[in-house]
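To start, the structure itself, in structure tokens.
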Amino acid sequence: MQKIYKPLYTPEERVRRDQTKWTLVQGILAPVQFLVFLVSLYLVVRFLWTGEGESAANISVVVKTLTLYTIMITGCIWEKVVFNCYLFAPAFFWEDVFSMLVLLLHTLYLVALATGYLDQYQLMILALAAYATYVINAGQFIWKLRMARLDQEKKQRESRIGAEAIRLEAAQAASVYSSKATLTGLSAEEAEELHRNLVQGTQFFGFIAIIAHLLAYIYSPWLK
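The UniProt record's numbering puts the first residue of the sequence shown at 1, with every later residue one more than the last.
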């Protein structure tokens, strides 16, 4: 049995999602954060591999973390507008829960960098751990949105098929009526006109027959 996914949005929530400017903001920030992630990942891996670019790697992770903070804040505003709660809306509850882990690891990196609690190698390992959770979290959102989109497309196809079936039934009914009306080789309009003339003719001749019977009855004594 194919699994049916619960719609992410009610009709009212969908309207609010489409109308709010924060939907566009999230749509812009998400790919921007991913690009920052790719650049930072390259710099971190390069440092771990060659020992070069320590400052560039650290700066890139800081920029990635600030980008994460930005998209988290705007995401909370977006959820408030659409779902009337800043976090943990039922539609994205587990994604938001895992986002807390992503946020925690990125924040720990900033704390460790600022306090010198970890050496450079340990900092980069922590950054990779934070990035791993980020990738998983992004996958959660992408998977859920894709499944919801596929389910929505399926419902739209079923709706179109239903409408097409109704249209075909109506066309078949009209065709049957037309075929019945045109058994004599006439069009539907001509058949209707012929039927009307026949009825009128029958009424006329019936009236003549009645008059004839009355005249025959009246003059029958003189005809004998």
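Yeah, the Cβ is synthetic: ideal placement off N, Cα and C, and Gly gets one too. A quick note: this is a predicted structure, and the numbers were derived from the prediction, not measured.
Burial state of residue i, where buried means 16 or more other Cβ atoms lie within 10 Å
i, result
"methionine 1", "With a pLDDT of 47 at methionine 1, under the threshold of 50, the modelled position of this residue cannot be trusted, and the question is left open."
"aspartate 18", "exposed"
"asparagine 58", "buried"
"glutamate 169", "exposed"
Three-state class that DSSP yields for residue i in the structure shown
i, result
"asparagine 84", "coil"
"tyrosine 117", "coil"
"threonine 107", "helix"
"threonine 10", "coil"
"glycine 51", "coil"
"alanine 138", "helix"
"threonine 20", "coil"
"alanine 132", "helix"
Beta-carbon contacts of residue i that lie in its chain and below 7 Å, excluding the five residues immediately before and after
i, result
"tryptophan 22", "Thr74, Ile77, Trp78, Val81"
"leucine 48", "Met124"
Near the ligand NAP: residue i beta-carbon under 8 Å from a heavy atom
i, result
"glutamine 200", "Questions concerning the ligand NAP fall outside what the structure shown contains, since it holds no ligand whatsoever."
Contact set for residue i: own chain, Cβ-Cβ below 6 Å, skip 5 residues either direction
i, result
"glutamine 33", "Thr67, Ile71"
"valine 62", "none"
Residues of its chain near residue i, where Cβ-Cβ distance is below 8 Å and the 5 sequence neighbours each way are ignored
i, result
"alanine 112", "Leu118, Gln122, Leu123, Leu126"
"glutamate 52", "Arg46"
Best match in the options for proximity to residue i [C-alpha to C-alpha]
i, options, result
"leucine 105", "Tyr134, Ala114, Asp151, Leu87", "Tyr134"
"isoleucine 142", "Leu101, Ile166, Ala30, Ala129", "Ala30"
Q: Decide if the stretch 10-24 is in contact with the stretch 160-174; the criterion is three or more beta carbon pairs, one per stretch, under 8 Å apart.
A: Two segments are said to touch when three or more pairs of C-beta atoms, one from each, lie closer than 8 Å; by this definition the stretch 10-24 does not touch the stretch 160-174.
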